[in-house]
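**Student:**
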Amino acid sequence: MEFKAMKEAVTIYDTVQTASAEYPIECDFILPDYCDDVARILKCTAAALITDKSMTGDRLQVEGSIFIKILYVSEGGGLRSASNKVPFSKAFDIKMPMEQHFINVDAMTDYVNCRLINQRRVDVRGAITLTAKVSVSRPQEIITEASGCGVQMRKSPVTVGKIVGEVSKQFTVREDLEITRSNFTIQGVMISRCYAKVTDYKVISNKVIVKGQLNVITTVADSGNGVETLEH
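For any residue, its number in this note's numbering is found by taking its place in the sequence shown, counting from 1, and adding 8.
(1) Assuming Lys170 is part of the beta strand (DSSP E), what are its boundary residues?
(2) Should Val142 be flagged as near chain B, meaning a C-beta pair shorter than 9 Å?
(3) With distances taken from CA atoms, which of Phe192, Met104, Glu183 is nearest Thr26?
(4) Keeping to the same chain, check which residues put their C-beta closer than 6 Å to that of Asp208; ignore five residues upstream and five downstream.
(5) If the criterion is Cβ atoms closer than 9 Å, does the pair Leu138 and Ser62 meet it?
(6) Less than 9 Å separating the beta-carbons of Ala90 and Ile78?
(7) So, at 6 Å on beta carbons, what are the nonlocal neighbours of Gln127 in its own chain, with the 5 sequence-adjacent residues on each side left out?
(8) Going straight from the alpha carbon of Arg201 to that of Met161, what length do you get?
(9) Determine the direct distance from the alpha carbon of Glu149 to that of Glu16, and round the result to whole angstroms.
(10) By alpha-carbon positions, which one of Gly196, Tyr31, Arg123 ends up nearest to Ala229?
(11) So the beta strand (DSSP E) Glu30 belongs to, where does it begin and stop?
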């Protein structure tokens, strides 16, 4: 009896190249006029965001911003915070493969330290690591059916897909959020976090229309130097 195997081609993705580089954080953080004077710094954080990447020959150019935030005790004894944005740019030498490829760049904060110079000025030092990964798509055959020679098959469904395009777009969202509590006065914003969730999308005429929701969580200091969390 002849053994027969039926195969079907699917697309798989392999990482063929990885490049990493360290970018130093060196800046003087001067508090805006609306921020209270600093008595003691409690915490300093830094988070990097990639805003653009482009290829010119074998050179990958990465653009982004580092968001620095300090949490401190003011001269009046209240909890306060201040933030600053530092732009960065980094180039990678990458030899691109001949196959269809996709580039992904991640940024991770290695460390961040700060030193209080005076009541309005903070010296920030740290580093972030940028990692660029190049993936290529390749066809690979998998067995979908087999017969003959008494063969038995145990099947399981597998979902596969093929990336046909990659695009990103940055846009700004501005909205005034109302506070429903009448006896509440904000003295300063401590921490603000935002989580985006895609609720629906539609493809029409080579365009993708995306709908979603932003969940905004804000931790603020009230007039009594207490801390409250607001959700919108």
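Using N, Cα and C, we set each Cβ at its ideal position, and we do this for glycine too.
**Tutor:** The short version:
(1) From DSSP, Lys170 is part of no beta strand (DSSP E); its letter is neither H nor E.
(2) Protein chains in the displayed structure number just one, and chain B is not present.
(3) Met104
(4) Lys219
(5) no
(6) yes
(7) Counting only residues of its own chain and dropping the five nearest sequence neighbours on each side, Gln127 has a CB closer than 6 Å to the CB of Asp45, Val46.
(8) 50 Å
(9) 5 Å
(10) Gly196
(11) 12-38
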